[in-house]
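In our numbering, the protein residues as written are 149 to 643.
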């Protein structure tokens, strides 16, 4: 680790304007008196849950809100946490997903510079400054401030600095690696949005098939009974391909199930698919295409039967997410196009044109999407990137992560020593699902950054605590050995 780059410069710049030098520890209440350029500290208070810590809150500039959590029993390290969805409230996924505070990490979070709901994008209308803050500058600014606050509190800078996030937080993680390669020693990027415009285009095209009449959002074309029928049929076709019939597909890319096998032979009824229902399914599993060109990767089979899968994301009922927002695809996809790209709150989602979208969204794509496979600067400074994605993710196709890492490895095969991706069978968005997803990513990253070999495999526990499996560094997959119930890592080998 290069201490001068990761911590020293940030602290030197900020602490120069502070009356408190970073050589003696500062008690919690006194942190409210810290003075940083363009920063207002609002509160510094002692809190006992989940562990004893000092919480510092404030604002950078006019509206970039932040919080820094400083544990009483500090492990000497700092982790910046990401924010999900469209952000809008101060959050640190390092606390919520990685349990960082309880582990002794000092951590920081932000609202990315606006107030709003996780699926509400109206704040972006006509405000490029807010969009840029949301895109990447907020995490850089708050992490720098967080490091300075750590130094003031404990009398010395952090030994290691990390970033951890999933979904939009995963996008922020890749942004940090690409745009701010000296900010962090190690980065955890879960289910990242690599291609924001592609994701939104896929969301909108699915929405147009699922809710063909924008004046009637009471129910989707594809109902729960039909989704469950799809799920049963896909598993019946593909569950045994990995040698273990357990409701989990180890590699859903191999599943050749075709939805048309459920086409209604006569009148439409629950459990068979009408032409409109088949069109909605195909929008998901074939994905957006411009002629014969794949515009964005499709979704593999695996999430269709779950309410937290296709149900919540693609096929919700009236007001399921918010008033007037039946699904998260509607909220994120239509909202993104209306407020970020088209700058028109009344834009009709049925009018999306993939042929012209690239030009229309060019600036937004460059601002928001961390799709650069060149991680050489981050790697040259000693940085390590640990990625993960669930194979049954219904929010962001897992094929987006595999495609990105393929490009990273293709651009520089040596990057495999510093970049690892773990694909999680049966796991939904960030967590959840029938597959094993309980993994201590922060511990794995810390060991790797601290000198351990790059991880080839990780142990993943099931949600109910009954058993675990081995997950493998991409492109390898966990192969079942043929004996046992599939609930022990020893029953699998990475191949």
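Virtual Cβ for every residue (Gly too), placed ideally from N, Cα, C. Treat the numbers as computed from the prediction; the structure is a model and nothing was measured.
Around the CB of residue 636, fewer than 16 other CB atoms lie within 10 Å, so the residue is classed as exposed. Spatial neighbours of residue 548 in its own chain (CB-CB distance under 6 Å, excluding positions within 5 residues in sequence) are listed in chain order as 342, 445. Taking C-beta atoms as the reference points, residue 574 and residue 358 fail to come closer than 9 Å.
Between the stretch 298 to 314 and the stretch 216 to 225, the count of C-beta pairs closer than 8 Å reaches three or more; the two stretches touch.
If you ignore the 5 residues before and after residue 521, its C-beta comes within less than 8 Å of the C-beta of 552, 555, 556, 558, 559, all in its own chain and listed in chain order. Within a 10 Å sphere around the beta-carbon of residue 642 sit fewer than 16 other beta-carbons, which makes this residue exposed. Note that the C-beta distance between residue 239 and residue 261 is not below 9 Å. When the beta-carbon positions are compared, residue 527 and residue 563 come within less than 9 Å of each other. Between residue 243 and residue 257, the gap from beta carbon to beta carbon is short of 9 Å. The beta carbon of residue 212 lies closer than 8 Å to those of 258, 259, 260, 261, 281, 286, 289, 290 in the same chain, with the five residues before and after it left out. Under DSSP, no beta-bridge partner is assigned to residue 230.
The beta-carbon separation of residue 366 and residue 466, rounded to 4 Å, stays under the 8 Å limit for a contact. Residue 631 counts as exposed, since fewer than 16 other beta carbons sit within 10 angstroms of its beta carbon. Residue 320 counts as buried, since at least 16 other C-beta atoms from the protein chains shown sit within 10 angstroms of its C-beta. In the three-state DSSP reduction, residue 359 falls in the coil class, being neither helix nor strand. Going by beta carbons, residue 182 and residue 297 fall inside the 9 Å limit.
Here the alpha carbon of residue 385 sits roughly 11 Å from the alpha carbon of residue 395. Nearest to residue 245 by alpha-carbon distance, out of 501, 375, 252, 586, is 586. Among the bridge pairs identified by DSSP, residue 568 is matched with 534.
Every alpha helix (DSSP H) stretch that sits fully inside the stretch 332 to 390 and reaches 4 residues is listed by chain position as 344 to 358, 372 to 386. In the structure shown, residue 217 adopts extended strand secondary structure according to DSSP, grouped into three states. Separation of the CB atoms of residue 269 and residue 234 is rounded to 5 Å, and the pair is thereby assigned contact status at 8 Å. The C-beta distance from residue 370 to residue 463 rounds to 5 Å, short enough to fall under 8 Å. Assignment of residue 575 by DSSP, reduced to helix, strand and coil, places it in the coil class. Judged by their CB atoms, residue 351 and residue 482 are nearer to each other than the 9 Å cut-off.
Ranked by Cα distance from residue 336, the options 477, 344, 324 are led by 324. Non-local beta-carbon contacts of residue 468 in its own chain, meaning distances under 8 Å to residues more than five positions away in sequence, involve 460, 474, 475 in chain order. DSSP places residue 292 in the helix class (H, G or I) of the three-state scheme. Bounds of the alpha helix (DSSP H) holding residue 526 are 524 to 528.
Counting only runs of at least 4 residues, the stretch 237 to 292 fully encloses the following alpha helix (DSSP H) elements, listed from N- to C-terminal order: 241 to 244, 276 to 280. DSSP, read as helix, strand or coil, puts residue 197 in coil. Note on geometry: alpha-carbon atoms of residue 422 and residue 627 lie some 37 Å from one another. Nearest Cα to residue 540 within the set 176, 192, 202, 379: 379. Residue environment for residue 612: exposed (fewer than 16 other C-beta atoms within 10 angstroms of its C-beta). Look at residue 205 here: in three-state DSSP terms it is strand. Scanning 588, 609, 408 for the CA closest to the CA of residue 582 turns up 609.
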